[in-house]
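Q:
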Amino acid sequence: QGAERRNRLVMALVLTKRIGGQKLGSGLTQPLQRQVRRPARAATVAMAGEGGTLYDIPVSNNGARCRVAIYAKGLEDKIAIVSPSELGGIKSEEYMKLNPYGKMPLFMPPEGAAPIFESEVILNYILDKYEGTGPSLALDTPEERAQAQLCTKIFDVYMQPIQGCMYRKAESAAVRASQIKTIDENLHVLESLASPQGPFICGGKPSSADCNLFPSFVFFEMMLEERFGWPDAFYDKPKLKKWYNFLKKSDGSGTGDAAFAAVTERVYGEIYGALKDWESNGRWEVQGIDAHLQEDYKWVYP
Numbered sequence: 054q055g056a057e058r059r060n061r062l063v064m065a066l067v068l069t070k071r072i073g074g075q076k077l078g079s080g081l082t083q084p085l086q087r088q089v090r091r092p093a094r095a096a097t098v099a100m101a102g103e104g105g106t107l108y109d110i111p112v113s114n115n116g117a118r119c120r121v122a123i124y125a126k127g128l129e130d131k132i133a134i135v136s137p138s139e140l141g142g143i144k145s146e147e148y149m150k151l152n153p154y155g156k157m158p159l160f161m162p163p164e165g166a167a168p169i170f171e172s173e174v175i176l177n178y179i180l181d182k183y184e185g186t187g188p189s190l191a192l193d194t195p196e197e198r199a200q201a202q203l204c205t206k207i208f209d210v211y212m213q214p215i216q217g218c219m220y221r222k223a224e225s226a227a228v229r230a231s232q233i234k235t236i237d238e239n240l241h242v243l244e245s246l247a248s249p250q251g252p253f254i255c256g257g258k259p260s261s262a263d264c265n266l267f268p269s270f271v272f273f274e275m276m277l278e279e280r281f282g283w284p285d286a287f288y289d290k291p292k293l294k295k296w297y298n299f300l301k302k303s304d305g306s307g308t309g310d311a312a313f314a315a316v317t318e319r320v321y322g323e324i325y326g327a328l329k330d331w332e333s334n335g336r337w338e339v340q341g342i343d344a345h346l347q348e349d350y351k352w353v354y355p
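Residue 238 in my numbering sits at position 185 of the sequence shown; the count goes up by one each step and never skips.
(1) By the 10 Å Cβ neighbour count, where 16 or more other Cβ atoms means buried, how is A227 classified, buried or exposed?
(2) Whose C-beta lies closer than 6 Å to the C-beta of L246 among residues of the same chain, with five residues either side of it excluded?
(3) Using a threshold of 8 Å, state whether the C-beta atoms of L293 and L240 are closer than that.
(4) For F287 and S189, what's the separation of their Cα atoms in angstroms?
(5) Report the residue ranges of all alpha helix (DSSP H) runs contained in full by the region 233 to 299; include only those spanning at least 4 residues, in chain order.
(6) Give the range of the alpha helix (DSSP H) segment to which M149 is assigned.
(7) Under a three-way DSSP split, which group does G335 fall into?
(8) Name, in chain order, the residues that DSSP records as bridge partners for L140.
(9) Helix, strand or coil for Y183 per DSSP?
(10) Per the contact definition of three or more C-beta pairs closer than 8 Å, is the region 167 to 180 in contact with the region 139 to 149?
(11) Taking G127 as the reference, give the member of V339, A312, E348, I324 with the closest Cα.
(12) In this structure, does DSSP put Y350 in helix, strand or coil?
(13) By a C-beta neighbour count over all protein chains shown, 10 Å radius and 16 as the cutoff for buried, is V109 buried or exposed?
(14) According to DSSP, what are the bridge partners of Y220?
(15) Taking Cβ to Cβ, would you say V320 is nearer than 8 Å to P268?
(16) How would you call T106, buried or exposed, if buried means at least 16 neighbouring beta carbons within 10 angstroms?
(17) Run the CB neighbour count on N298, radius 10 Å, all protein chains shown included, and call it buried at 16 or more, exposed below.
(18) Using the Cα positions of C144 and L159, report the straight-line distance between them to the nearest angstrom.
(19) Tell me the residue span of the beta strand (DSSP E) that contains V135.
(20) Could you give the DSSP three-state label for M161: helix, strand or coil?
(21) Alpha carbon to alpha carbon, how far is Y148 from E129?
(22) Three or more beta-carbon pairs under 8 Å between the region 324 to 332 and the region 260 to 277, yes or no?
(23) Closest to P163 by C-alpha separation, out of D304, A133, E338, would be which residue?
(24) So, helix, strand or coil for L328, using DSSP?
(25) Quick check on T106: does DSSP put it in helix, strand or coil?
(26) Is it a yes or a no for the region 209 to 218 touching the region 329 to 336, going by three-plus beta-carbon pairs under 8 Å?
(27) Per DSSP, what are the beta-bridge partners of F170 in this structure?
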């Protein structure tokens, strides 16, 4: 009799969910399809890595900051990298419970800890949590560390908020052109901060600044040169050009400085390949950029 009663309850619950949703103990209405998928997703993430899960995709220059650190420290067996589509996409109810801004990347630490969002915060968590694993990516002196933080801050405050002018819709051609000019101006600021010795942005050791800046420089080179017609994205910026080219293509030895460059070369391939997919799908036409480039504004620098 008890078994029959349980079977009736299960059948009633299934039928109710098929109608469109059922209030569960959490007080949230969830469709049947999502309830069925959740255990499978959780199992996949658990098997992929015990150190947490980074929700990200190859084209994400912000998420790539974290991927550089994960690859450089050899953490792929600990930290899973999973597409946000596994949670229904970045604007899904499930994803936005974890990141209310609905953006990438998102990091879910292990053992039920609170989700972490914002790429620099995630990167710093990884560098702190795994300080003793692989290269530390921490510089030796307060002055060097301040330099790395300043480079990142310049980008995050003055460039990141407007970099969409290269690949998203804009209010007008005038607004887009003004933001392209601002990007050029701040590339000059970063040039003034870059180490003259190199090979890394702050000198002889890789740091969080290399993780934070390099992925977006892939955007700058590809879009400013191939879409906006600049002859050289790093014209009269020799330090940035030398730094970027060093990280873009390693010497293949996999040792010393080249070990980190092999990681950034890998990330370059991920981002650039995804950007070429954008190109194949006509992104710059769809986003109104090709039309704006026909208007009489300054698009090419110098």
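Quick reminder that beta carbons are idealized off the backbone N, C-alpha and C, glycines included.
A: From the atom records:
(1) Against the sequence shown, residue 227 aligns to sequence position 174. It counts as exposed.
(2) Locating residue 246 in the sequence shown gives position 193, where the first residue counts as 1. C204, listed in sequence order.
(3) Counting from 1 along the sequence shown, the entry for residue 293 is found at position 240. Counting from 1 along the sequence shown, the entry for residue 240 is found at position 187. Result yes, Cβ atoms of L293 and L240 sit closer than 8 Å.
(4) On the sequence shown, position 234 is the one that residue 287 refers to. On the sequence shown, position 136 is the one that residue 189 refers to. Straight-line Cα distance between these residues: approximately 29 Å.
(5) 261 to 272
(6) Taking the first residue of the sequence shown as position 1, residue 149 is located at position 96. Unbroken alpha helix (DSSP H) run through M149: 146 to 151.
(7) Numbered from 1 along the sequence shown, position 282 holds the residue referred to as residue 335. It is coil, neither helix nor strand.
(8) Here residue 140 refers to the residue found at position 87 of the sequence shown. Note: L140 sits in no beta bridge, so no partner.
(9) Translated into the one-based positions of the sequence shown, residue 183 becomes position 130. Three-state result, Y183: coil.
(10) no
(11) In the sequence shown, the residue the question calls residue 127 occupies position 74. Closest by alpha carbon: A312.
(12) Within the sequence shown, the letter at position 297 stands for residue 350. Y350 falls in the coil class under three-state DSSP.
(13) As a first step, residue 109 must be located in the sequence shown, where it is residue number 56. In the sequence as displayed, the identity of residue 109 is Asp instead of Val. With 16 or more Cβ atoms within 10 Å of its Cβ, D109 is classed as buried.
(14) Sequence index remark: in the sequence shown, residue 220 carries index 167 (1-based). Answer by DSSP bridge pairing: none, since Y220 is not bridged.
(15) Position 267 of the sequence shown, counted from the start, is the residue given in the question as residue 320. Position 215 of the sequence shown, counted from the start, is the residue given in the question as residue 268. Closer than 8 Å, so yes.
(16) Within the sequence shown, numbered from 1, the residue matching residue 106 stands at position 53. Flag for T106 reads buried.
(17) Counting from 1 along the sequence shown, the entry for residue 298 is found at position 245. Exposed, since its Cβ has fewer than 16 Cβ neighbours within 10 Å.
(18) Position 91 of the sequence shown, counted from the start, is the residue given in the question as residue 144. Position 106 of the sequence shown, counted from the start, is the residue given in the question as residue 159. Note on identity: in this sequence residue 144 is Lys, with Cys being the wrong assignment. Spanning the two alpha carbons is a distance of roughly 12 Å.
(19) Residue 135 sits at position 82 when you count from the first residue of the sequence shown. That run of the beta strand (DSSP E) goes 132 to 135.
(20) Indexing the sequence shown from 1 puts residue 161 at position 108. M161: strand per DSSP, three-state reduction.
(21) As a position in the sequence shown, residue 148 is number 95, starting the count at 1. As a position in the sequence shown, residue 129 is number 76, starting the count at 1. Approximately 22 Å between the Cα atoms of the pair.
(22) yes
(23) Here residue 163 corresponds to residue number 110 of the sequence shown, with the count starting at 1. The option with the nearest alpha carbon to P163 is A133.
(24) For the purposes of this step, residue 328 is taken as the residue at position 275 of the sequence shown. If DSSP states are grouped into helix, strand and coil, L328 belongs with the helices.
(25) Within the sequence shown, residue 106 is the residue found at index 53, counting from 1. Residue state, collapsed to three classes: strand.
(26) no
(27) Position 117 of the sequence shown, counting from 1, holds the residue named residue 170. Partner(s): L159.
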